[in-house]
Ligand SMILES: NC(=O)c1ccc[n+]([C@@H]2O[C@H](COP(=O)([O-])OP(=O)(O)OC[C@H]3O[C@@H](n4cnc5c(N)ncnc54)[C@H](OP(=O)(O)O)[C@@H]3O)[C@@H](O)[C@H]2O)c1
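Residue numbers (our numbering): 5 to 230.
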């Protein structure tokens, strides 16, 4: 396998939305789920997000718990996984949390639609930048590159467009969904898999591997891709 073992983690409402129609990064996870997610992050070599999530939400993408960062260091690893962003046009502010927050290697996959000056600026800030001469980032090539960078376990943290493409291209092994006891509704609210969609005939098939009931009323579903 010349790509990392890849798992998507999402927090969704009972109606499958990963944000409200306002698209302001609504909180969905419970305290218990955040702990589970931090443990999962600590187990990863890299954390991948899509451009909209990266630019609109300023995720820190670091391991929150000092004890977990310490454990990683004891294992001879970096305190945080590599932060990875996929962005068609990488206009990432120099003061963004992706760049500034925490001690982590940072990698951006982008296209030639990003200006040379923006690419130079990112590289000047220590970000490793890979540029595709295509309308969008080639995710299969990206997965190979991450493998070459030493990423064995890749955690994907959305949003819906990136999740769908990663699944559609057969680049994922596991899907973890924390289903919160909430309904957002809204035809335009993002779901855990957006993009162009599939016909019934070409639907991706999953195998349910585990179900966990949380005290907060949520449910954790663990699926494997067939
Ligand atoms: N609850 C959760 O677990 C969770 C986690 C993360 C995010 N979210 C939510 O998800 C929403 C954002 O999701 P989103 O679907 O709008 O965007 P997204 O998946 O975060 O970002 C997709 C971006 O990646 C770029 N891209 C480049 N090459 C691509 C490729 N080959 N395939 C797919 N994307 C590619 C796209 O650029 P172009 O379209 O310009 O080409 C686009 O900017 C937000 O509301 C956020 O709150 C929720």
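Beta carbons: idealized from backbone N, C-alpha and C, even for Gly.
Take the alpha-carbon of residue 203 and the one of residue 172: they are about 12 angstroms apart. In the structure shown, the three-state DSSP call for residue 70 is helix. Boundaries of the beta strand (DSSP E) around residue 180: 178 to 184. Distance between residue 59 and residue 99, taken at the CA atoms: about 12 angstroms.
DSSP places residue 217 in the uninterrupted beta strand (DSSP E) bounded by 210 to 217.
In this structure, residue 64 has its CB at a distance of at least 7 angstroms from all heavy atoms of ligand 1. Beta bridge pairing from DSSP links residue 54 with 90. In the three-state reduction of the DSSP assignment, residue 12 falls in the strand class. For ligand 1, no non-hydrogen atom lies closer than 7 angstroms to the CB of residue 38. For the pair residue 128 and residue 22, the CB atoms are not nearer than the 8 angstroms cut-off.
Residue side-chain check: residue 15 places its Cβ nearer than 7 angstroms to a non-hydrogen atom of ligand 1. Here residue 71 has no same chain residue with a Cβ atom under 8 angstroms from its own Cβ, once five neighbours each way along the sequence are excluded. Residue 90 has its CB nearer than 7 angstroms to a heavy atom of ligand 1. Remark: fewer than three beta-carbon pairs, one from each stretch, lie closer than 8 angstroms, so the stretch 21 to 41 and the stretch 132 to 151 are not flagged as touching.
Cβ neighbours of residue 6 within its own chain (closer than 7 angstroms, five residues either side excluded): 148, 151. Distance from the Cα of residue 190 is smallest, within the candidate group 20, 13, 216, 140, for 20. If you check the C-beta of residue 56 against ligand 1, you find a heavy atom less than 7 angstroms away.
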